[in-house]
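There are 4 protein chains.
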Amino acid sequence: MAQKMKVAIFVKPGRIALDEKPIPEVGPLDALLRITTTTICGTDVHIMKGEYPVAQGLTIGHEPVGVIEKLGSAVRGYHEGQRVIAGAITPSGWSNACLCGVSSQDGAGTKHGWKATGGWKFGNTIDGCQAEYVLVPDAMANLAPVPDGLTDEQVLMCPDIMSTGFSGAERARISIGDSVAVFAQGPIGLCATVGAKLSGATTIIAVDRVAARMSISQKLGASHVVDFSKVDPVDEIMRITDDRGVDVAIEALGTQPTFEAALRVLRPGGCLSSLGVYSSDLTIPLNAFAAGLGDHTIVTTLCPGGKERMRRLMEVIRSERVDLTPLVTHRYKLDEIEAAYDLFSHQRDGVLKVAITP
Amino acid sequence: MAQKMKVAIFVKPGRIALDEKPIPEVGPLDALLRITTTTICGTDVHIMKGEYPVAQGLTIGHEPVGVIEKLGSAVRGYHEGQRVIAGAITPSGWSNACLCGVSSQDGAGTKHGWKATGGWKFGNTIDGCQAEYVLVPDAMANLAPVPDGLTDEQVLMCPDIMSTGFSGAERARISIGDSVAVFAQGPIGLCATVGAKLSGATTIIAVDRVAARMSISQKLGASHVVDFSKVDPVDEIMRITDDRGVDVAIEALGTQPTFEAALRVLRPGGCLSSLGVYSSDLTIPLNAFAAGLGDHTIVTTLCPGGKERMRRLMEVIRSERVDLTPLVTHRYKLDEIEAAYDLFSHQRDGVLKVAITP
Amino acid sequence: MAQKMKVAIFVKPGRIALDEKPIPEVGPLDALLRITTTTICGTDVHIMKGEYPVAQGLTIGHEPVGVIEKLGSAVRGYHEGQRVIAGAITPSGWSNACLCGVSSQDGAGTKHGWKATGGWKFGNTIDGCQAEYVLVPDAMANLAPVPDGLTDEQVLMCPDIMSTGFSGAERARISIGDSVAVFAQGPIGLCATVGAKLSGATTIIAVDRVAARMSISQKLGASHVVDFSKVDPVDEIMRITDDRGVDVAIEALGTQPTFEAALRVLRPGGCLSSLGVYSSDLTIPLNAFAAGLGDHTIVTTLCPGGKERMRRLMEVIRSERVDLTPLVTHRYKLDEIEAAYDLFSHQRDGVLKVAITP
Amino acid sequence: MAQKMKVAIFVKPGRIALDEKPIPEVGPLDALLRITTTTICGTDVHIMKGEYPVAQGLTIGHEPVGVIEKLGSAVRGYHEGQRVIAGAITPSGWSNACLCGVSSQDGAGTKHGWKATGGWKFGNTIDGCQAEYVLVPDAMANLAPVPDGLTDEQVLMCPDIMSTGFSGAERARISIGDSVAVFAQGPIGLCATVGAKLSGATTIIAVDRVAARMSISQKLGASHVVDFSKVDPVDEIMRITDDRGVDVAIEALGTQPTFEAALRVLRPGGCLSSLGVYSSDLTIPLNAFAAGLGDHTIVTTLCPGGKERMRRLMEVIRSERVDLTPLVTHRYKLDEIEAAYDLFSHQRDGVLKVAITP
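Shown next, in the form of structure tokens:
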């Protein structure tokens, strides 16, 4: 009889609850991880609220730090007991999308090898990481050993928010000397701010209204902070850039006002890099879009995954270019996960990210 | 007393008329061209209708083929009597936008060196080409000698529609083996179809409803044509691509339905390349946008100009890779320009482009 | 007792011979192909001559067209009896190199996930395709179904020379209107010529001395041919380009004279794309290199593989943009492979490529 | 009678001397700068030694910080008395090379618009900056106002070594998490180290043998320093990278040993970015080049110039991302220029850069 493990599952809109499931069987390409630390993502809150649909009973969570408990029969190059992380996105490596370099849209097993957001599996299409154990698919493409000396909390942001936030800067091809505006300074926006700094931006304008976030933002790299509850952020950014506009605007919230403001502060020829998860249609204002003649670029990005991505992000931590541990503001046991959701979903007590340990 | 020349000017919404103006003085960086052939663009019709505002009395037109009549005192490297073209967009070469490679947004003389659509000067911010003579600004950056043996009509499409249409393919970075859908097969859409073919696309789906245009489209490179008045173009393109979607969708009309359809037929990770001039806000449907998680790219492009661009486009003609003379369906004298506008603006008699000769 | 199959093996320098081996066991990620057509590559001749070392007894050949005979237990998405090809390069999909988009340098299983030329396995590090059966590793990343209606010979060039030749054009980022010189018009050089044309080059100068090859070259896309046995190719290319030089020079032979000539005909800021397999150190002449100040780019490329690459190349064939069957000049049974090597290695009888059928 | 100014001229191999010339006439596109600070470059020492030929009597120097004394009749957008810098490279903006984005190879006025290293004019093809006044050609493309509050010495590195060094990192397209080796830590190598850091590299290995340079290197961003006089740099870099090799190797000296070592430490698929000015042919070792099959890229770069480049570099200084004033180790009056050359050319007294003030 299979052993049981504790898991946090989606019960119904409004409720994520602690439950038990059997520890899963390990297929030939899989690895079973024993989770040592995980966290809750804003997307999990969307799931809890029923705004993003997943199957009832699914284990939630997509940010694993753990230890290899068991390897599939065809998996080579790892050993049990090894400390690893995997990305929130777990590409197969062998779909057409992966072989084209767009692995977050992994369509492994589909007719054409492409599937929108198909690389996001944990806590979306398969059981996730807010659990004592998680099964990692296509383990050889996804398990990234944690460098010696790094703690769980030091690498806890790599699987999702660091990868997502950095990609906002990377996809916009920020150059040395660029000016960048980042709309919203939640965990992903903060990581976009860091990514902009690491990419050589010299003017980095962070927009939010929570003083604590803006303060962290300045420590992590923002040269200017704009409190949108006090000033019009478009006017203020145009003032800061002396009416030039920014080279790159990063949207990190997923709303019409932030998307639209990002477009309005962009110089002709600039790039709007969108990271937010939207929940309704978007409007592109004609004048902000120069009637389609502004040589603008708009890019959207789903969190890049895979073991090489994780390796690189951990290198950023290991080299001490960035320390993201200040983002971990609260800690809970897996047993207390419902309390953790309650705090996190209500954004109480200045929470940025919570560390969950089974 | 200055000599006079015939010109076509914007009088008021609804009226472009033949008139007379003095032949302009030549500044140190300018060249005076004697126009031998020019044409009317869809944008000129927008101007005539008052949908795109220009100053009353402005000479219209931005597609010059001509002969150098006089060179500015500081212009080197050309001689009077030389046959040349200039692009619809005449970048200065020295603005910050130009020095960044975004010369269509040329902000020569502005505070920061950027100006939305600032590279488009002829018939927009300075007197244009539907005239006996036109003054070319920043002549050394803009005059491109016509290779021996090419006729005026062979190079007449280079200044605008060939440059614009090709850029739709180029900015999308089409790769060998890509599938591409082109929405609308007016002159610019036809050139985008050619551009897709020259870039190595293997499935090129042209969408229109005018049989004559679809017929030319097939001659110029379309592998499939879709008549949107008979079938739903999104369904049909998904059928043609066996539900995969296209790698690149090019919008060449400037309307919400074509923009939206272009997004709906795009595979995850694909690129929507927008060429149309829009006249109202655009809506991005949430599901077509994968809620912002589809790794999509949307690019807009204003016609690239400058002498090197013109040189390259004329090379395409000279090498016989493409023959665009079939697009010239009608010919008028400059004296008959009002009749030409009447025909062209009403899209009568299967008109694609009209050649105007002073 | 395992069934036997016929194979062509490397015996010792100077000798490739027909032999027998057991039909291999199929591992969980493998597929066993029954070869229906294969071919001999110039690289195989290097192997035969002992210039490129492989293990004695290794089955040679890396260009498979065949039918799936048996699938590994973990392979999904294919069925036995399906007609497929695989690339000469068979990336794992899951190495760090693959996850970075450099899959030809696949280091699956190595310490860091990178290995120089590690993606080339068939007939190099594992048994190859000049055999009745071949085992394809990482089948899900590598098997590409042949579109209905295409013959074996139509797709026979896809696994190697078409992929390699095209990559010479692709890696150089050829733009519409570029001038390109291709040094050597063997099978790979001919495919580079085709790739240049598909990428929009307008002046394509092919250099060789074999009249038959230059004739095919012109049919496939060359605008000019230069016989280097009659004229100095550098002088001639500078004459053709009116002393401008070419935007891109592709080296497709692997010798100092062709590499050096490619550099000498390059305009400042141009790209030398090298495809040849060299057998000795190379010299970069100081003046051809502008002392290191010419903004030059030199790129080398190993044949790209993987199923998405193969799908795209077969699309080029299916769409009739290119027909490479004229390259198949001779046909042999596998039993006659030694005669085929004799003909091919001595370049007798105008041979370009030989089709081998078990 | 024209007023005289002091200048440093090339007299003959081995001798640069103070002299007098008339203050030049200002052409319509020019600006006359009164130099307030300039410096000596390693290239100037090559010129002095006769290793790089220039005309006898030419004024040397290409790094101007100054004040606009007089503007040409066609120059708009500046005013006399304005503090500006211009790049070592002064592109016209209007040549074909400039319009292609390769402005350092500016061929303004040549047959095709391309000229190898043609953008380098100061102290090479026209009188340079080690003088009381210098004439800036194509002023509108080249004059970059100094932001308020920055001193001459703060921006003195922008015209050449900062632009060149950074371009070594930029042309290699360094990504966040890359490992980079920089060979030689003279002024340009130090700036390449800074550029690598600003581009997101996490392992930056600086190679030199001068302790003082390696010490500055660590302050500016190197994570490791390798003294090549004590260890084999190839072995040591492979040890540091745990045998993986580096993603990018930057050559900043211009010799065979550094070029070759850069290639040997490169991982497959990596990029060698060459900044050095070579003085003899180079050899590419066969094995370091993977016989041409390693998916390597080699790029060379001449210092990017133009006012937008200068604006961006001064933004890096203004934003306090970098302070390069520690590179100014010695200060001289223009009258003492011969002593400055003596010190600088013999690399005495730990000199990195000298500031020269007229």
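Residue numbers (the working numbering), protein chains in the order written: chain A, -16 to 341; chain B, -16 to 341; chain C, -16 to 341; chain D, -16 to 341. The beta carbon of each residue, even a glycine, is placed where N, CA and C say it ideally should be.
The count of Cβ pairs closer than 8 Å, one atom from the segment 124 to 131 of chain C and one from the segment 56 to 66 of chain C, reaches three, so the stretches are in contact. Collapsing the DSSP output to three states places residue 140(A) in coil. The way I'd put it, the segment 224 to 234 of chain C doesn't touch the segment 194 to 213 of chain C; fewer than three beta-carbon pairs between them come closer than 8 Å.
Within the DSSP bridge table, the entry for residue 66(D) names 50(D) as partners. Looking only at 11(D), 234(D), 306(D) and 24(D), the smallest Cα-Cα distance to residue 325(D) is reached by 24(D). If you compare the alpha carbons of 201(C), 144(C), 340(C) and 117(C) with that of residue 258(C), the shortest gap goes to 144(C).
Shown here, residue 83(B) sits in coil according to DSSP, grouped into three states, outside any helix or strand. If you keep only unbroken beta strand (DSSP E) runs of at least 3 residues inside the segment 201 to 263 of chain C, you get 207 to 210, 229 to 234 and 249 to 257. When C-beta distances to chain B are compared with 8 Å, the residues of the segment 104 to 122 of chain D below that value are 121, in chain order. Per DSSP, the unbroken alpha helix (DSSP H) holding residue 146(D) starts and ends at 146 to 154. Neighbours of residue 295(B) in chain C, taken as residues whose beta carbon is under 9 Å from its own, are 158, 159, 160, 161 and 185 in chain order. Of the residues 37(D), 299(D), 90(D) and 332(D), the one whose Cα lies closest to the Cα of residue 133(D) is 299(D).
Remark: fewer than three beta-carbon pairs, one from each stretch, lie closer than 8 Å, so the segment 142 to 156 of chain C and the segment 35 to 43 of chain C are not flagged as touching.
Take residue 284(B), set aside five residues on each side of it, and the residues of its chain with a beta-carbon closer than 6 Å to its own are 150 and 154, in chain order. If you check each beta-carbon in the segment 299 to 317 of chain D against every beta-carbon of chain A, the ones closer than 8 Å belong to 299, 301, 302 and 304. At the C-beta level, residue 57(B) and residue 12(B) come within 8 Å of one another. Around the Cβ of residue 321(B), a 10 Å sphere holds fewer than 16 other Cβ atoms; the residue is exposed.
At the C-beta level, residue 31(D) and residue 6(D) stay beyond 8 Å of one another. Put simply, the CB of residue 181(C) is near chain B, with a gap under 8 Å to one of its CB atoms. Residue environment analysis places residue 333(B) among the exposed positions, since fewer than 16 neighbouring C-beta atoms fall within 10 angstroms of its C-beta. Distance from the CA of residue 173(A) to the CA of residue 198(A), rounded to the nearest whole angstrom, comes to 11 Å. Counting only residues of its own chain and dropping the five nearest sequence neighbours on each side, residue 246(D) has a CB closer than 6 Å to the CB of 255 and 271. At a beta-carbon threshold of 8 Å, the residues of chain D lying near residue 153(A) are 158 and 159, ordered along the chain. Taking 8 Å as the threshold, the shortest C-beta distance from residue 212(A) to chain D does not fall below it.
Under the DSSP assignment, residue 322(C) falls in the alpha helix (DSSP H) whose first and last residues are 320 to 328. Secondary structure of residue 5(D) (DSSP, three-state): strand. In the three-state reduction of the DSSP assignment, residue 128(C) falls in the strand class.
Not a single C-beta of chain A is nearer than 8 Å to the C-beta of residue 240(B). Identification of chain D residues near residue 87(A) by a Cβ-Cβ cut-off of 9 Å yields none; the smallest Cβ-Cβ distance measures about 17 Å. Residues of chain C whose Cβ lies closer than 7 Å to the Cβ of residue 57(A) are, in chain order, 11, 12 and 57.
Bounds of the alpha helix (DSSP H) holding residue 299(B) are 290 to 301.
By the neighbour-count criterion, in which 16 or more other beta carbons inside 10 Å mark a residue as buried, residue 88(A) falls on the buried side. For the C-beta of residue 3(B), not a single chain D residue is nearer than 7 Å; the gap to the nearest is close to 29 Å. Using beta-carbon distances, residue 328(A) does not count as an interface residue toward chain D, since no partner is under 8 Å. Listed in chain order, the non-local C-beta contacts of residue 335(B) below 7 Å within the same chain comprise 170, 310 and 312, local neighbours out to five positions each way being set aside. Against chain A, a Cβ distance below 9 Å from residue 178(D) picks out 159 and 183.
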